[in-house]
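Enquirer:
Residue numbers (the numbering used here): 699 to 751.
Okay, structure coming up:
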């Protein structure tokens with residue numbers, strides 16, 4: 699997950715798609731945070747729960 703967040707061109711949606719695509723059989727629910735920023739312009743972020751079926 700950390701490698702996805704380190705890419706500055708990634709949008710929040712693309713990062714979440716990568717996290718959702720990861721398969722971890724032992725974890726049905728994952729909680730995390732995602733954020734992006736443009737220096738001097740804006741900071742956006744949110745907390746999420748990813749529930750796998």
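Built from N, CA and C at the ideal position, the CB exists for glycine as well. Predicted model only: the values in this text are computed from it and were never measured.
Compare the Cα-Cα distances from residue 730 to each of 719, 716, 747 and report the closest residue.
Expert: If you number the chain shown from 1, residue 730 lands on position 32. If we check each option's Cα against that of residue 730, 747 comes out closest.
Enquirer: Report yes if the CB atom of residue 745 is closer than 8 Å to the CB atom of residue 727, and no otherwise.
Expert: Translated into the one-based positions of the chain shown, residue 745 becomes position 47. Translated into the one-based positions of the chain shown, residue 727 becomes position 29. No, they are not a contact pair.
Enquirer: Would residue 719 be called buried (16 or more neighbouring beta carbons within 10 Å of its own) or exposed?
Expert: As a working note, residue 719 is residue 21 in the chain shown. So residue 719 ends up on the exposed side.
Enquirer: Could you give the distance in angstroms between the alpha-carbon of residue 736 and the alpha-carbon of residue 717?
Expert: Translated into positions along the chain shown, residue 736 becomes position 38. Translated into positions along the chain shown, residue 717 becomes position 19. Cα-Cα distance, rounded: 22 Å.
Enquirer: Helix, strand or coil: which one does DSSP assign to residue 739?
Expert: Position 41 of the chain shown, counted from the first residue, corresponds to residue 739. Looking at residue 739 - three-state DSSP - the assignment turns out to be coil, as it is neither helix nor strand.
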